[in-house]
Each structure stands twice: as structure tokens, then as C-alpha cells.
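**Student:** Mind looking over this structure? Questions follow.
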Amino acid sequence: MSSIIQEHPTSKHEVIDTLDTIPSDSSSTPQIEQLCVENAPFVKSKAEKKLVKKINYTLLPIAGMIIFLQFVDKSTLSVAAVLGILEETHMNKTQYSWLGALFFLGYFAFQLPNNYLLQRIPIGRYLGILLILWGIITALTALAQDFTQLAVCRTLLGLFEGGTYPAILLIFNTMYRRCEQSAALGFVFLSNAVGSVVGTAASVGIAKMDNSHGISTWKWQACLTVYCTIKIYIIWGAITVSMGFIAFFMLVDGPNFWLLRITKDEKAIMRERTNDNAVVRRSKIEYHQYWEALKEARFWLICLTVLCDNLQNGGLILYSTVLVHGLGFDSITSILLQVPNGVFTVIYIAIAVFIHRRTHQLIFTACGLSAISMVGCLLLATLPNTAIKLIGYYLTWAQVGSYVLTLTILTSTVSGYSKKIFYNSAVMIFYTIGNFAGPLMIVDSQAPSYYGAMWGYLGCNVTAMLCLLSVRCWLSNLNKSRMDQKSNTPTDVYLNLTDREDRNFMYNL
1205 MSSIIQEHPT SKHEVIDTLD TIPSDSSSTP QIEQLCVENA PFVKSKAEKK
1255 LVKKINYTLL PIAGMIIFLQ FVDKSTLSVA AVLGILEETH MNKTQYSWLG
1305 ALFFLGYFAF QLPNNYLLQR IPIGRYLGIL LILWGIITAL TALAQDFTQL
1355 AVCRTLLGLF EGGTYPAILL IFNTMYRRCE QSAALGFVFL SNAVGSVVGT
1405 AASVGIAKMD NSHGISTWKW QACLTVYCTI KIYIIWGAIT VSMGFIAFFM
1455 LVDGPNFWLL RITKDEKAIM RERTNDNAVV RRSKIEYHQY WEALKEARFW
1505 LICLTVLCDN LQNGGLILYS TVLVHGLGFD SITSILLQVP NGVFTVIYIA
1555 IAVFIHRRTH QLIFTACGLS AISMVGCLLL ATLPNTAIKL IGYYLTWAQV
1605 GSYVLTLTIL TSTVSGYSKK IFYNSAVMIF YTIGNFAGPL MIVDSQAPSY
1655 YGAMWGYLGC NVTAMLCLLS VRCWLSNLNK SRMDQKSNTP TDVYLNLTDR
1705 EDRNFMYNL
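Going by the numbering used here, the first residue of the sequence shown is number 1205, and it counts up by one from there.
Right, dumping it as C-alpha cells:
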């Protein structure tokens, strides 16, 4: 089914992407038992469960593969550090830290253009083009001979990967109810964890290809060289480019996407779901919604939370193999010990989603996981530099579960299409700053314990918890003030009201 574009009667000049007009009589609309409201359970009809399965089967495999590839392409540098890249390119540890930071400089630079392009270009095709471009850059990284060339490749890689998360978040905002979004976002980060496990397994095999065909192991980490008319076929680059073409044509990016084959009854259910998630795609930018976001205390508290989470994330991802190697393990063992890292990440995300779905408490659950991560940082900062430190290292990855729920807070408590995109882009900017600065907190003179950075990351966890609790207090007060002001008439989601303008909007806590 092709996308159906219709003009909304309240705006003569604005074109929006929405569903066909659906009769409002109850006989044509499947019963939806209860809307997702503040901390309330939701029971789906059998028809809606069937529709959700259809969305999952068509959207999640491609979205998961995109995130998987992004993680693998981005994190190959960590493994390359113990496979000879520093020696062959004559880099020191400071330059290596800058390579990690420069990726996020490119990521940062792309957020403002990305904010504009997301409202102007079909998301599936836009994301497909970005995948193709970053796949090409991944392949070219294997040709780099020194720090300068690697720096250029890393910056460009960050530039083209910069649109990925905002685009995926926006698709999930569009396709899932607010109470479903923690599980959907959890799936995204599970793909990161799978990328960690699979990438590690591949790296071990690659590490054993020492100087095969005269090529250093770190280059094999980025590519597989097959001599055929003297051309080089790059493993992850080629897979990423191929995935770009698949995403261009097959990534589900809206309720009318042809691959879903939505029936008439399913259109009615989709309308109910759109009323719940309050996301109707529009090409017109509402600048007053940007200004509303900037004036909210919640905006800055969430951005600070994301910054703190990703200071730790950036440092630990880039130095993950280096930290473990510093505990006395050899190169191969250091790489293999990243597998439990991915497994623990899966466990923490599963715990986050499970507790949230059982208790309907977003922020308290996120704070609990941040507390676990804080304990991990404390152990890394204080324990002797032996294998026992692995306990602290694996505990720190609970931060990923907390971050998943932080993003869920963002996606489920903000309405207004331009405002939602602005929030997403702002969060990506602070995500970028955190990942840029995080590796720079790790000072070579403090090797191998890097105790200063570990204390800093501990402070970040404490700050993130305080910010999240402040957000909860603020949103809870707004909910209380609206309880007596709610209208019996449901809000028309196609009016594109923000959560502050819609007095019926209740915040998930």
C-alpha cells in the first residue's frame, strides 16, 4: 500500500502523513480496552496484538540490524588497539583517545542538519542513504596509514552515523504506544549487545590471522581482503552498504508503509494507537514548539542525564579492551572477556524492561540501575588491579539499562511533532558531547587503573539519578494539577498539540 497523503482541515497549507479517513461508528472500530495513561496497565485486543506482531516482524529485524552494524562499525577501534594499530600508525594513547572523540565530533556536527532533514525526507530512504555512506567510510578506514587519515575517517563515520538514533527513535515513537516503547527501545540496545558479542567473536578469529597476506590484524578487523582483480572487499563496510539498500526500500517508517499491508480494521486500531503516542508526521516545522522545549526544566535535566550517562559510555566503550588488558590478560583473552560484557548488557536491559512493565515505574527503575553502575565504578576505582576488578567492570554496564529507560521517558512524555524531534536532536547532541569527552577523562599517566576517570564516572551516575528524580517530581506535579482539569472529550491528535498545550496529556512516570 502506498502512503496516503491528505490535507488536515485545520491547516490549509500543511500536508501531513496520516491514515485514511475511518468511520467513527463503533461497529467498524475494534474495541480498545484502555489507553496507556500514567503508570496504568494496558490490555490489548486480539486484533491489536496481531497488528503489533506484524509491526514487530517487519520493523524490528531491519532496525536491529542497523543498530547492530552501527555498534560494530563504531567499536572496531577498541579491539584494534590491542591488535597493533597504535604501533603501525605510530600513535600514542592520547591520539587514540582523540580518535574516539573525533567520531562524536562528526556526530555532533550532523545533529542540526539532521533535525531539519528528518521532517523533509522519508525516514526510511534517508536512513538508507546514511547507511550506504557510513559503510563506504568503514571500508576506507582500512586504508589509513597514520593518525591524520584515521582522524578524517572517524570524523566522517560519526557524521554519517549521526542521523541513525534520532531516525530510529522517531520511527518507534510513530509505530508504538507509549507503554510499549521501553520494550522497543530495549530491543535497539539489545542489538548493541549482540553487536558486542558477535563483533568480539569475529575479532578473535581475525586476531589469529596475524599478518595473513601481509596485512596487519587490525586491518583485518576492519576488512576482509580477497584478491580479485586487485580489489578489496570490506567485511563490515560491504554489509553496511548492503543494509543501506535494504533500508532504503524496506524499512517501515510509518503506519501506511506498503510492507505492513494494513487492513481496514487495522487502520482503525492504528488510529487509536496514534491517539495514544501523539505522533502525526508533518513536514511543517513549528518553531514555537522548539521554544517551549527550551523553557522547560525537564529538557535540561534530561539532557544533563544523557550527558552523564554517556561520559561513562564513551570512555568504557573505547577503552573496554584496554582496561581488561591492563588487568594482566593477553590480547586474545582481553577480547574474549568482552563477550560477558555483551551478555550482561542484555541482562540489564531485560531487567529494566521487565521491572518497568511490571511496576510501570520508569524513573525509579532507571535510578536503581544507575545505582548498580555506580557500585561498579566504585569497585573499578578502589579495587587492586587484578582480575577481581572484572566484577566492577561488568556492573558498570547497568548504565545501559538506565539509559534505555531515560530515552523511554523522553519518547513517552513529549508530544508535538516538532517538539519531539527537537528533544530527540538535543538528546543526541548531549549524547555526542558525553561520548566525545568521556574518553578524554581517561589519562594515560593513570594507566592501567585510570582511577581518576572511574571516580568521575561514579559522580556522573549520582548526578544522573538526581536529575531523573527531579524530573519525576516535576512531572508528577503536572499530573496532579491536570487531574481536575481533564476534558471528557478526547484530544484530536491531528491538532499537533504539545504535551503542555494538551490538558488531557498525562505523563508516564
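All residues carry an ideal CB built from backbone N, CA and C; glycine is no exception.
Would you kindly check if the distance between the Cβ of Phe1391 and the Cβ of Gly1546 is under 8 Å?
**Tutor:** On the sequence shown, residue 1546 is found 342 positions in, with the first residue counted as 1. On the sequence shown, residue 1391 is found 187 positions in, with the first residue counted as 1. No, the pair does not count as a contact, with Cβ atoms beyond the cut-off.
**Student:** Quick check on DSSP: helix, strand or coil for Arg1707?
**Tutor:** As a working note, residue 1707 is residue 503 in the sequence shown. Arg1707 falls in the coil class under three-state DSSP.
**Student:** Does Arg1502 come out as helix, strand or coil in the three-state DSSP assignment?
**Tutor:** Locating residue 1502 in the sequence shown gives position 298, counting from the first residue. When DSSP states are grouped into helix, strand and coil, Arg1502 belongs to the helix group.
**Student:** Just verifying my parser: in three-state terms, what is the DSSP assignment at Arg1485?
**Tutor:** Position 281 of the sequence shown, counted from the first residue, corresponds to residue 1485. Strand at Arg1485.
**Student:** Could you tell me if Leu1614 is buried or exposed, where buried requires 16 or more neighbouring beta carbons within 10 angstroms of its beta carbon?
**Tutor:** Against the sequence shown, residue 1614 aligns to sequence position 410. Result: buried.
**Student:** If distances are taken between C-alpha atoms only, which option among Ala1388, Tyr1320, Gly1332, Pro1326 comes closest to Gln1274?
**Tutor:** Against the sequence shown, residue 1274 aligns to sequence position 70. Measuring from the Cα of Gln1274, the nearest candidate turns out to be Gly1332.
**Student:** Quick check: the Cα distance between Arg1562 and His1294, rounded to an integer number of angstroms?
**Tutor:** What you label residue 1562 is simply residue 358 of the sequence shown in a count that begins at 1. What you label residue 1294 is simply residue 90 of the sequence shown in a count that begins at 1. For Arg1562 and His1294, the distance between alpha carbons rounds to 53 Å.
**Student:** I need the straight-line Cα distance from Leu1673 to Leu1505, nearest angstrom please.
**Tutor:** Numbered from its first residue, the sequence shown carries residue 1673 at position 469. Numbered from its first residue, the sequence shown carries residue 1505 at position 301. Approximately 10 Å, taken between the alpha carbons.
**Student:** Can the beta-carbon of Val1604 be found closer than 8 Å to that of Tyr1552?
**Tutor:** In the sequence shown, counting from the first residue as 1, residue 1604 sits at position 400. In the sequence shown, counting from the first residue as 1, residue 1552 sits at position 348. In this structure, Tyr1552 lies closer than 8 Å to Val1604 by Cβ.
**Student:** How would you call Thr1352, buried or exposed, if buried means at least 16 neighbouring beta carbons within 10 angstroms?
**Tutor:** As a first step, residue 1352 is located in the sequence shown; it is residue number 148 there, counting from the start. Exposed, because fewer than 16 other Cβ atoms sit within 10 Å of the Cβ of Thr1352.
**Student:** Which residue's Cα is closest to the Cα of Asn1589: Ala1651, Ser1386, Gly1638, Thr1467?
**Tutor:** Taking the sequence shown and counting its residues from 1, the one referred to as residue 1589 is at position 385. When each option's Cα is compared against that of Asn1589, the closest is Ala1651.
**Student:** With the cut-off set at 8 Å, would you say Ala1501 and Lys1623 are in Cβ contact?
**Tutor:** Taking the sequence shown and counting its residues from 1, one reaches residue 1501 at position 297. Taking the sequence shown and counting its residues from 1, one reaches residue 1623 at position 419. Ala1501 is not a Cβ neighbour of Lys1623, given a cutoff of 8 Å.
**Student:** Can you round the beta-carbon distance between Leu1573 and Ala1556 to whole angstroms, since I take them to be within the 8 Å contact cut?
**Tutor:** As a first step, residue 1573 is located in the sequence shown; it is residue number 369 there, counting from the start. As a first step, residue 1556 is located in the sequence shown; it is residue number 352 there, counting from the start. Rounded, the Cβ-Cβ distance is 6 Å, consistent with contact.
**Student:** Measuring straight from C-alpha to C-alpha, what distance separates Trp1495 and Val1675?
**Tutor:** For the purposes of this step, residue 1495 is taken as residue 291 along the sequence shown, with counting starting at 1. For the purposes of this step, residue 1675 is taken as residue 471 along the sequence shown, with counting starting at 1. About 19 Å.
**Student:** With 16 other CB atoms within 10 Å as the buried threshold, where does Asp1534 fall?
**Tutor:** As a first step, residue 1534 must be located in the sequence shown, where it is residue number 330. Result: exposed.
**Student:** Skipping 5 residues on each side, what residues in its chain have a beta carbon closer than 6 Å to that of Leu1389?
**Tutor:** Position 185 of the sequence shown, counted from the first residue, corresponds to residue 1389. Within the same chain, Leu1389 has close Cβ partners Val1608, Leu1611, Thr1612.
**Student:** Look up Lys1257 in the DSSP assignment and say whether it is helix, strand or coil.
**Tutor:** By one-based count along the sequence shown, residue 1257 stands at place 53. Of the three classes helix, strand and coil, the one that applies to Lys1257 here is helix, per DSSP.
**Student:** CA-CA distance, Phe1376 and Val1618?
**Tutor:** Residue mapping note: residue 1376 aligns to position 172 of the sequence shown, counting from 1. Residue mapping note: residue 1618 aligns to position 414 of the sequence shown, counting from 1. Taking the straight line joining both Cα atoms gives about 13 Å.
**Student:** With H, G and I counted as helix, E and B as strand and the rest as coil, what does DSSP make of Asn1517?
**Tutor:** The sequence position of residue 1517 within the sequence shown is 313, counting from 1. In the displayed model, Asn1517 falls within a helix according to three-state DSSP.
**Student:** Can you give me the Cβ contacts of Thr1600 inside the same chain, cut-off strictly under 8 Å, excluding the 5 residues immediately before and after it?
**Tutor:** As a working mapping, residue 1600 is identified with position 396 in the sequence shown. These residues qualify, in order along the chain: Gln1516, Leu1520, Ser1577, Gly1580, Cys1581, Leu1584, Tyr1661.
**Student:** Quick test of your reading: Ala1668 and Thr1549, contact by CB under 8 Å. State the CB separation rounded to the nearest angstrom.
**Tutor:** Within the sequence shown, the letter at position 464 stands for residue 1668. Within the sequence shown, the letter at position 345 stands for residue 1549. About 17 Å separates the two Cβ atoms, so there is no contact after all.
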